[in-house]
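Asks:
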Amino acid sequence: MENLKLYFDQFIIIKGKTEEMKMKLKNKFILPNTIILVISFLILLIYLIDNQKRVEYERLTEKTNRVSKLIVLTNRDNIYNFDAVALNKNIESFFRDKEIKSIKITDIFEKEIIGKKERKIPKGKLITKKLIISKGNERIGKAEIIFTDFYAMGKIKKMKNLIMLVAGSVLVIILITLLYITNTVVKPMLLFIEKFEKAKNGDLKVRVNIKGKDEIGKLGNSFNEFMMRLEEIAIEIKEGAEIISNSTNEINKANEELAEKASSQAANVEETAATTEEINSLVILNNKKTDQANILVQETTEKAIKVGGVSNQLKKSMENITRSSKKIENIIGVIDEIAFQTNLLALNAAVEAARAGEAGKGFAVVAVEIRDLANRSRKAAKEIKTLIKESGERVRSGDVLVENTILNLDEIVKEIKNINKIIEDIAQRNKEQTDGILQINMAVDELDEVTQINAGIAEETSASANILYEKASDFLEVISFFKIDEEIKEMNEVEK
Numbered sequence: 173m174e175n176l177k178l179y180f181d182q183f184i185i186i187k188g189k190t191e192e193m194k195m196k197l198k199n200k201f202i203l204p205n206t207i208i209l210v211i212s213f214l215i216l217l218i219y220l221i222d223n224q225k226r227v228e229y230e231r232l233t234e235k236t237n238r239v240s241k242l243i244v245l246t247n248r249d250n251i252y253n254f255d256a257v258a259l260n261k262n263i264e265s266f267f268r269d270k271e272i273k274s275i276k277i278t279d280i281f282e283k284e285i286i287g288k289k290e291r292k293i294p295k296g297k298l299i300t301k302k303l304i305i306s307k308g309n310e311r312i313g314k315a316e317i318i319f320t321d322f323y324a325m326g327k328i329k330k331m332k333n334l335i336m337l338v339a340g341s342v343l344v345i346i347l348i349t350l351l352y353i354t355n356t357v358v359k360p361m362l363l364f365i366e367k368f369e370k371a372k373n374g375d376l377k378v379r380v381n382i383k384g385k386d387e388i389g390k391l392g393n394s395f396n397e398f399m400m401r402l403e404e405i406a407i408e409i410k411e412g413a414e415i416i417s418n419s420t421n422e423i424n425k426a427n428e429e430l431a432e433k434a435s436s437q438a439a440n441v442e443e444t445a446a447t448t449e450e451i452n453s454l455v456i457l458n459n460k461k462t463d464q465a466n467i468l469v470q471e472t473t474e475k476a477i478k479v480g481g482v483s484n485q486l487k488k489s490m491e492n493i494t495r496s497s498k499k500i501e502n503i504i505g506v507i508d509e510i511a512f513q514t515n516l517l518a519l520n521a522a523v524e525a526a527r528a529g530e531a532g533k534g535f536a537v538v539a540v541e542i543r544d545l546a547n548r549s550r551k552a553a554k555e556i557k558t559l560i561k562e563s564g565e566r567v568r569s570g571d572v573l574v575e576n577t578i579l580n581l582d583e584i585v586k587e588i589k590n591i592n593k594i595i596e597d598i599a600q601r602n603k604e605q606t607d608g609i610l611q612i613n614m615a616v617d618e619l620d621e622v623t624q625i626n627a628g629i630a631e632e633t634s635a636s637a638n639i640l641y642e643k644a645s646d647f648l649e650v651i652s653f654f655k656i657d658e659e660i661k662e663m664n665e666v667e668k
C-alpha cells in the first residue's frame with residue numbers, strides 16, 4: 173500500500189511539472205536560447221565588422237605610405253631635370269587609383285610645378301601625406317597627396333551587409349530548429365499529461381504510442397513499462413488482499429485447532445515428564461549395577477592372572493620332572509647294562525667253578541647267587557624304566573594340559589578385558605544417557621513453557637487475524653478504484 177501511495181505521489185508531482193511545462197516550456201526553452209544567440213551573433217557581428225574596419229584602415233595606411241614614397245621616388249629625376257611631360261605622365265598613372273583624391277607637386281618655394289590633380293568624392297575621411305623631394309642632399313620640391321577612405325568604407329559596408337545577411341540567415345535557421353525541437357518535445361509532453369490525467373483517475377491501462385530511439389522514445393518506453401509494472405503491482409496487491417481475506421478465515425480455524433492441540437500437548441508433556449523421571453531412576457540403578465560388575469570383572473581378571481602364573485610355574489616343574497625322568501632312564505640303562513655284564517660274569521664264574529670241581533663248589537654257589545641278583549636287578553630296572561616311561565607320558569600329557577590351560581587362561585583374560593571395556597562403554601553410555609535425560613527434562617520443561625506460550629499466541633493470532641480480515645476488506649475496497657487489464661490478471665493466474 174505504501175509503494176502504491178508513493179507511485180501516485182510521483183504521479184501528482186509529474187503532473188504538476190507537466191502542466192507547468194505546458195504553459196512555459198516554449199518560453200523557457202526558446203527565449204533564453206534566442207537571447208543568447210542574438211547576443212552572441214551581435215558580439216560576433218561587431219567583432220567581425222570592427223576587425224574588417226581595422227584591417228581596411230591598416231591596409232589604407234600602409235598604402236598611403238607606400239604610394240606617397242613611390243610618387244616621390246619615381247618623380248625625383250623628372251623634377252630635377254624639369255621634364256614636365258614625364259612628370260605629368262607619371263602623375264596620371266598614379267591618379268588612376270580611385271582612393272587618391274588629389275596630387276600636388278611644388279618646388280621648395282611652394283610654386284606649383286604641376287597643376288593640382290583632384291577628383292570629386294561624395295564623402296569620406298581624407299588622409300593627407302606631405303613629403304620632401306630631395307636629390308642627394310639637395311631639396312628640389314614638395315609633394316602633397318590626399319587619399320580618401322570612401323572606397324574602403326564602401327568595402328566595409330558591403331562586408332558588414334554580407335555578415336549581417338549570413339548571421340541573420342543562420343539565426344533564423346537556428347530559431348526554426350529550436351522551434352522544431354521545442355514542438356517535438358512539448359507535443360509528447362502534452363500526450364504524457366493526458367495519460368497521467370487518466371492514470372490519476374485510476375485507469376492503469378493507459379499507454380503512449382511514441383516510437384523512436386531518442387530520449388522521448390526512451391521516455392515513452394519507460395512510461396509504458398512503469399504503467400505496466402504499476403498495473404501488475406495493483407493486480408498483485410488485489411490478489412494478495414483476496415488471499416489475505418481468505419487466509420484469515422483459515423487462520424481462525426487453525427487457531428482453534430491449535431488451542432485444542434496445545435491442551436492435548438500439555439497433557440502429553442506431563443506424561444512425558446513422569447516417564448522421563450522413571451527412566452532416569454532406572455538409569456541410575458543401571459549405573460550402580462554396572463559399577464558392581466566392573467569391580468567383579470577386575471577381581472576375576474586378577475585371579476585369572478594369578479592362576480596363569482601358577483600354571484606357568486607348574487609347567488616349569490613338569491619340564492624339570494621330564495628332564496629328571498630322562499636322567500633316571502639313562503641311569504637305569506646303565507644299571508641294566510651292569511646287571512647284564514654281572515650276569516655274564518656270573519655265568520663265566522659258574523663255568524669255571526664247574527671245571528674246578530670240588531674246589532670250585534663254593535665259588536659256584538656264590539656265582540649263582542650273583543647271577544640271580546643280577547637278573548633281579550635287571551628285572552627291577554626294566555620295571556622302573558617302564559614306570560618312568562609311563563610317568564613321562566603322563567607328565568607330557570600334563571604338560572600339554574598345562575599349556576592348554578595357560579592358553580585358555582590367556583583367552584579368558586582377554587575376554588575379561590573385553591568384557592571390562594564393554595562395561596566401561598556401558599558406563600559411559602549410561603552417563604551420556606543420564607546427561608541426555610537431564611537435557612530431555614530441560615527440553616520438556618521448555619516444551620511445557622512453549623506450549624503455554626503457544627496457547628497465548630493462538631489467542632493473539634486469532635485476534636490479529638480478525639483485524640487483518642477487516643483491513644483486507646478495506647484494502648480490496650480501495651484497490652477496486654483502479655482499472656486494470658483482465659488479460660494480465662488471467663496471465664498472472666495461469667503463471668501461478
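For the sequence shown, the working numbering gives the first residue as 173, with consecutive numbering after it.
Note that CB positions come from ideal geometry on N, CA and C, so glycine has one too.
Taking the straight line between their C-alpha atoms, what separation do you get for N492 and K498?
Replies: By 1-based counting over the sequence shown, the position of residue 492 is 320. By 1-based counting over the sequence shown, the position of residue 498 is 326. Cα-Cα distance, rounded: 10 Å.
Asks: Need the endpoints of the beta strand (DSSP E) that F254 sits in, please.
Replies: Position 82 of the sequence shown, counting from 1, holds the residue named residue 254. Segment: none, F254 is in no beta strand (DSSP E) and carries neither H nor E.
Asks: Can you pull the DSSP bridge partners for G313?
Replies: The count along the sequence shown starts at 1 and reaches residue 313 at position 141. Per DSSP, I305.
Asks: Where does the unbroken beta strand (DSSP E) through I293 begin, and where does it stop?
Replies: One-based indexing of the sequence shown puts residue 293 at position 121. Careful: I293 lies outside any beta strand (DSSP E) and carries neither H nor E.
Asks: Please check the pair I598 and T447, which I expect to be a contact at CB under 8 Å, by giving their CB distance rounded to whole angstroms.
Replies: Here residue 598 refers to the residue found at position 426 when the sequence shown is read from its first residue. Here residue 447 refers to the residue found at position 275 when the sequence shown is read from its first residue. About 22 Å separates the two Cβ atoms, so there is no contact after all.
Asks: My assumption, with CB atoms under 8 Å, is that I317 sits in contact with I275. Please give the rounded CB distance.
Replies: Residue 317 sits at position 145 when you count from the first residue of the sequence shown. Residue 275 sits at position 103 when you count from the first residue of the sequence shown. At roughly 5 Å, the Cβ-Cβ gap stays under 8 Å, so I317 and I275 are in contact.
Asks: For the structure I just gave you, are there three or more beta carbon pairs, one from the stretch 334–346 and one from the stretch 227–244, closer than 8 Å?
Replies: no
Asks: Does the structure place the stretch 241–257 close enough to the stretch 303–315 that three or more beta carbon pairs sit under 8 Å?
Replies: yes
Asks: Which partner residues does D279 have in the DSSP bridge list?
Replies: Position 107 of the sequence shown, counted from the start, is the residue given in the question as residue 279. Note: D279 sits in no beta bridge, so no partner.
Asks: So is E474 buried or exposed if we call it buried at 16+ other beta carbons inside 10 Å?
Replies: In the sequence shown, counting from the first residue as 1, residue 474 sits at position 302. With fewer than 16 Cβ atoms within 10 Å of its Cβ, E474 is classed as exposed.
Asks: Please classify N247: is it buried, with 16 or more other beta-carbons within 10 angstroms of its beta-carbon, or exposed?
Replies: On the sequence shown, position 75 is the one that residue 247 refers to. Flag for N247 reads buried.
Asks: Using DSSP with H/G/I as helix, E/B as strand and the rest coil, what is I382?
Replies: Locating residue 382 in the sequence shown gives position 210, where the first residue counts as 1. Coil at I382, not helix or strand.
Asks: Using CA coordinates, which residue listed in L214, L245 and E501 is at the minimum distance from E308?
Replies: Residue mapping note: residue 308 aligns to position 136 of the sequence shown, counting from 1. The sequence as given places Gly at residue 308; Glu does not occur at that position. The shortest Cα separation from G308 among L214, L245 and E501 belongs to L245.
Asks: Can you have a look at D269 and say buried or exposed, based on whether 16 or more other CB atoms are within 10 angstroms of its CB?
Replies: Within the sequence shown, residue 269 is the residue found at index 97, counting from 1. Burial call: exposed.
Asks: Give me the Cα-Cα distance between E649 and E404, rounded to the nearest whole angstrom.
Replies: Taking the sequence shown and counting its residues from 1, the one referred to as residue 649 is at position 477. Taking the sequence shown and counting its residues from 1, the one referred to as residue 404 is at position 232. Each residue's Cα considered, the two are about 18 Å apart.
Asks: Three or more C-beta pairs under 8 Å: does that hold for the stretch 374–382 against the stretch 348–366?
Replies: yes
Asks: Given a cut-off of 8 Å on the beta-carbon distance, is the pair I510 and K557 in contact?
Replies: As a first step, residue 510 must be located in the sequence shown, where it is residue number 338. As a first step, residue 557 must be located in the sequence shown, where it is residue number 385. Cβ distance not < 8 Å, so I510 and K557 don't count as in contact.
Asks: Leaving out the 5 sequence neighbours to the left and right, which residues in its chain are closer than 6 Å to Q224 when beta-carbon positions are compared?
Replies: The sequence position of residue 224 within the sequence shown is 52, counting from 1. Counting only Cβ-Cβ distances below 6 Å, and skipping sequence neighbours, we find I328 and M331.
Asks: Give the straight-line distance between the Cα atoms of P360 and V210, rounded to the nearest whole angstrom.
Replies: Working through the sequence shown from its first residue, we reach residue 360 at position 188. Working through the sequence shown from its first residue, we reach residue 210 at position 38. Between P360 and V210, the C-alpha separation is close to 28 Å.
Asks: What's the gap between the Cα of L242 and the Cα of S265?
Replies: Translated into the one-based positions of the sequence shown, residue 242 becomes position 70. Translated into the one-based positions of the sequence shown, residue 265 becomes position 93. Cα to Cα, the separation comes out at about 12 Å.
Asks: When we look at the beta-carbon of S240 and count the other beta-carbons within 10 Å, is it buried (16 or more) or exposed?
Replies: Here residue 240 refers to the residue found at position 68 when the sequence shown is read from its first residue. Buried, since its Cβ has 16 or more Cβ neighbours within 10 Å.
Asks: Output the distance between the C-alpha atoms of E530 and L545, rounded to the nearest integer angstrom.
Replies: Locating residue 530 in the sequence shown gives position 358, counting from the first residue. Locating residue 545 in the sequence shown gives position 373, counting from the first residue. Near 24 Å, if we compare the C-alpha coordinates of L545 and E530.
Asks: Have a look at T278 and M325 and give me their C-alpha separation to the nearest angstrom.
Replies: Working through the sequence shown from its first residue, we reach residue 278 at position 106. Working through the sequence shown from its first residue, we reach residue 325 at position 153. Each residue's Cα considered, the two are about 31 Å apart.
Asks: Leaving out five residues on either side along the sequence, give the residues of the same chain with a beta carbon under 6 Å from the beta carbon of F395.
Replies: For the purposes of this step, residue 395 is taken as the residue at position 223 of the sequence shown. Taking F395 as the centre and dropping the five residues before and after it, the same chain places the C-beta of V380 closer than 6 Å to its C-beta, in chain order.
Asks: Quick one: grab the DSSP three-state call for K297.
Replies: Along the sequence shown, one-based indexing puts residue 297 at 125. Looking at K297 - three-state DSSP - the assignment turns out to be coil, as it is neither helix nor strand.
Asks: Checking 8 Å against the spacing of the C-beta atoms, do N348 and L217 come in under that value?
Replies: Within the sequence shown, residue 348 is the residue found at index 176, counting from 1. Within the sequence shown, residue 217 is the residue found at index 45, counting from 1. According to the sequence as given, residue 348 is Ile; it is not Asn. Not a contact, by the Cβ cut-off of 8 Å.
Asks: What distance in whole Å lies between the Cβ atoms of L376 and A406, which are believed to be in contact at a cut-off of 8 Å?
Replies: Position 234 of the sequence shown holds residue 406. Position 204 of the sequence shown holds residue 376. At roughly 6 Å, the Cβ-Cβ gap stays under 8 Å, so A406 and L376 are in contact.
Asks: How would you label V305, buried or exposed, when you count the other beta carbons within 10 angstroms and need 16 or more for buried?
Replies: On the sequence shown, position 133 is the one that residue 305 refers to. Note on identity: in this sequence residue 305 is Ile, with Val being the wrong assignment. Answer is buried; the Cβ neighbour count reaches 16.
Asks: Give me the DSSP bridge partner(s) of D607.
Replies: Position 435 of the sequence shown, counted from the first residue, corresponds to residue 607. Under DSSP, D607 forms no beta bridge with any residue.
Asks: Answer with buried or exposed for M195, where buried requires no fewer than 16 other C-beta atoms within 10 angstroms of its C-beta.
Replies: For the purposes of this step, residue 195 is identified with residue 23 of the sequence shown, where counting begins at 1. No answer about M195 holds up, because its pLDDT of 46 lies below 50 and its placement is not dependable.
Asks: Please give the ranges of any beta strand (DSSP E) in the stretch 353–410, keeping only runs that are unbroken, at least 3 residues long and fully inside the region.
Replies: none
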